[in-house]
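Sequential numbering from 4 applies to the sequence shown in the working numbering.
Just so you know, even glycine gets a beta-carbon here, dropped at the ideal spot from N, CA and C.
The model shown is predicted, which means the values in this text are computed figures rather than measured ones.
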Amino acid sequence: MAQVLRSLVVLFLTIFSNATAVKPAVHRRSRARAFVESQCQMTLYPKLCVQCLSSQVNTALPSPQQLAQAALIVSLARAWVTRAYVIGVAKQLKQTKYRHFQAVKDCLDEINDSVDQITQSIKELRQMGEDGETQFIWHESNVQTWVSAALTDATTCIDGFSGHAMGGKVKATIKAKMLNVAQVTSNALALFNRFTARHRASRAKKP
4 MAQVLRSLVV
14 LFLTIFSNAT
24 AVKPAVHRRS
34 RARAFVESQC
44 QMTLYPKLCV
54 QCLSSQVNTA
64 LPSPQQLAQA
74 ALIVSLARAW
84 VTRAYVIGVA
94 KQLKQTKYRH
104 FQAVKDCLDE
114 INDSVDQITQ
124 SIKELRQMGE
134 DGETQFIWHE
144 SNVQTWVSAA
154 LTDATTCIDG
164 FSGHAMGGKV
174 KATIKAKMLN
184 VAQVTSNALA
194 LFNRFTARHR
204 ASRAKKP
């Protein structure tokens with residue numbers, strides 16, 4: 004898992020490696036943060052969106068596509084951390100409290116699916132930039148389908164613990180972590196949809 008998170012950090016930094024050195028760093032940083040804040044206002048959880056993304060852009064001014072990609076990477080990182088926690092809980096419950104194991108296992112299945120779907124979405128969005136207009140709509144549909152499914156999986160896990168007699172602290176921790184995954188994933192989907200809408204609008208204006 005540590006290797007995966009290191010890889011995510013490297014990818015995250017690569018996304019914003021194209022910052023220019025024309026203007027003072029402080030000015031570029033303020034412009035980048037302002038851009039992130041304006042984009043995040045369109046999400047369901049704007050404060051969380053700004054918190055997750057503003058510290059990552061540094062002095063680079065990302066494009067809408069880069070910001071959507073960064074949001075997906077944040078979502079994947081949170082999903083990996085949550086997955087590691089749920090795996091640990093599942094192993095413990097399988098040995099000590101088997102009657103609660105199935106609920107946690109079901110949640111683990113959901114988070115595993117979320118990790119796979121978000122990973123595919125990141126690859127698809129990167130491929131979208133390489134393929135250009137010819138495959139844009141097809142890539143767009145794939146990303147929307149996978150991210151929406153990941154969001155549904157996270158919500159399903161949370162709902163699966165409603166009314167369950169499982170220990171309060173563990174149950175609350177899993178639900179809180181999954182809720183965070185759901186929220187950052189929702190934000191990522193909103194930023195992606197904003198990027199694609201703006202892209203289509205800009206293409207429509209061209210003669």
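As the crow flies, the alpha-carbon of Leu-182 is around 7 Å from that of Thr-158. Here Asp-156 has Glu-113, Ile-114, Asp-116, Ser-117, Gln-120 as same chain residues with Cβ atoms under 8 Å from its own Cβ, once five neighbours each way along the sequence are excluded. Here the alpha carbon of Gln-98 sits roughly 24 Å from the alpha carbon of Asp-162.
Following the DSSP letters along the chain, one finds Thr-137 in no alpha helix (DSSP H), marked with neither H nor E. The stretch 139–158 makes no contact with the stretch 40–57, as fewer than three CB pairs between them are under 8 Å. Secondary structure at Phe-164: coil, using DSSP grouped into helix, strand and coil. Of the residues assessed, Leu-47 falls on the exposed side of the cut-off, its CB having fewer than 16 other CB atoms within 10 angstroms.
Of the other Cβ atoms in all chains shown, 16 or more fall within 10 Å of the Cβ of Ala-191; this residue is therefore buried.
Taking C-beta atoms under 8 Å as the contact rule, Phe-164 and Pro-67 fail to qualify, at a distance of about 36 Å. Separation of Cys-110 and Thr-176 (C-alpha to C-alpha, rounded to the nearest whole angstrom) is 13 Å. Scanning Gln-59, Val-184, His-103 for the CA closest to the CA of Thr-85 turns up Val-184. Sequence-distant partners of Leu-96 (beyond 5 residues in either direction) whose C-beta falls short of 6 Å from its own C-beta, in its chain, are His-103, Phe-104, Val-107. DSSP places Met-181 within a helical segment (H, G or I) once states are collapsed to three. In this structure, Gln-123 sits away from His-142, with a CB-CB distance that is not shorter than 8 Å. The three-state reading of DSSP puts Gln-54 in helix, counting H, G and I together. Cβ-Cβ distances below 7 Å link Asn-145 to Glu-127 in the same chain, with the five nearest sequence neighbours on each side left out; the list follows chain order.
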